[in-house]
Amino acid sequence: MYATVMHGPGDVRYERVEDPKILKPTDAILKLSATCICGSDLWPWRGANPIEAPVHMGHEYCGVVVEVGSEVRTVKPGQFVVGSFCLSDNTCPHCQFGFQSSCEQREFMSGAQAPYARVPLADGTLVATREMPDAAMIPHLLAVSDVLGTGWYGAVAADVRQGGTVVVVGDGAVGLMGVMAASQMGAERIIAMSGHESRAKLALDFGATDIVSERGAEGIARVMELTNGVGAASVIEAVGTVGSMAQATGVCRPGGSIGYVGVPHGVSFDGSQMFFKQQRMLGGPAPVRRFLPDLMERVLTGRIQPGKVFDLTLPIAQVAEGYRAMDERRAIKTLLQLDG
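For what it's worth, my numbering labels the leading residue of the sequence shown as 117, then goes sequentially.
Structure below.
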């Protein structure tokens, strides 16, 4: 088959590779219904993460099971499934504690920007729908696999509460999903920090009540003005840069919580600053598997439409253009269509 392979910064190719095969008895092979490009894929594209050898790209996925290993019991060929970007057995102590993204057998999904993909730890990673979803549901279910699950975790980690005030730092796909999550959790005020008109518009559609376009010290000052000098009890940090983390800590009130789900690059913390700010912090890779059943049900019953975050759709053969569009901020998130 053909699949997406990154050879170096700015060098993504859709090229022939070997078909995925069952390698372990706990594996499953999926025929993907759609796939997409993640904002975190842009770190190696931009050269921020070193690439020592060609890498098969893609970790967001949903589709139909075509083959399973001999030990797989919870899914079977012919079922439509959604899986997490973090692969887990869903039985170890960390999984049982709700942190499947720290599973003792944890792996990270790869190779999903392709027509077929191998999913290790299938029993603990995949969740099947009761029936085959129609085509209109596919983008929304695909979003659950990572970007919605990550935004949701950001809101959970930020301790979003009914009637509370939330600030979302970052207007990429994860930040926008954080807005949706905060709205679903009943936040009364959701302040989205966005300097891009199209993204701000989508944030409002997803439930934001205020848009702050300023950044840095001006952005912090504007949020403090909106909150009468108090700051927000819940802050979702969805970027992972020094500036975004400074913004998050700057708008979080003492005793508030920061859910950080942006992959960090160059971020460090000063112990004294953390001590005197008195802010809770929880983040890291999202335990999407914890949320999959609930989020899939919300999608399938029409309560949420996270697939609206895909604002560019391309045939998968044009995947390199999808990367360029996201890198140049011409697209929030690219959906890749598969033949058949």
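Idealized CB from N, CA, C, for every residue including glycine.
Bear in mind that the values here come from a model prediction, so they are computed numbers and not experimental data.
Those residues which DSSP pairs with residue 192 across a bridge
Paired residues: none, contrary to the question.
Suppose the cutoff is 7 Å on Cβ atoms and the five residues either side in sequence are ignored; what does the same chain contact list for residue 358 look like?
By the criterion of a C-beta distance shorter than 7 Å, residue 358 is surrounded in its chain by 382, 383, once the five residues flanking it on both sides are discounted.
Residues that residue 129 bridges to, as DSSP identifies them:
Its beta-bridge partners are 121.
What residue ranges within the stretch 265-328 form continuous alpha helix (DSSP H) runs of no fewer than 4 residues, ordered along the chain?
Counting whole runs of 4 or more residues, the stretch 265-328 contains the alpha helix (DSSP H) stretches 265-273, 289-300, 313-322.
Quick check on residue 334: does DSSP put it in helix, strand or coil?
In the structure shown, residue 334 sits in a helix (DSSP, three-state: H, G or I).
Which residues in the same chain as residue 180 place their Cβ atom closer than 6 Å to its Cβ, once the five residues preceding and following it in sequence are excluded?
Once the five neighbours on either side are set aside, the close Cβ partners of residue 180 are 147, 196.
Among 188, 319, 172, 260, whose alpha-carbon lies nearest the alpha-carbon of residue 227?
With distances taken between CA atoms, residue 227 lies nearest to 172 out of 188, 319, 172, 260.
Cβ shell of residue 222 (< 7 Å), same chain only, five flanking positions each side left out:
Only 202, 203, 204 meet the Cβ criterion.
Residue interval of the alpha helix (DSSP H) (run including residue 257)
Per DSSP, residue 257 is one residue of the alpha helix (DSSP H) stretching across 254-259.
Using a C-beta cutoff of 8 Å, does residue 262 count as contacting chain B?
In the displayed structure, chain B is absent; only one protein chain is listed.
In the DSSP assignment, what are the bridge partners of residue 175?
Under DSSP, residue 175 takes part in no beta bridge, so it has no partner.
Three CB pairs or more closer than 8 Å across the stretch 335-352 and the stretch 279-287
The stretch 335-352, when compared against the stretch 279-287, does touch it at the 8 Å Cβ threshold.
Any idea what DSSP makes of residue 208, helix, strand or coil?
Here residue 208 sits in coil by DSSP.
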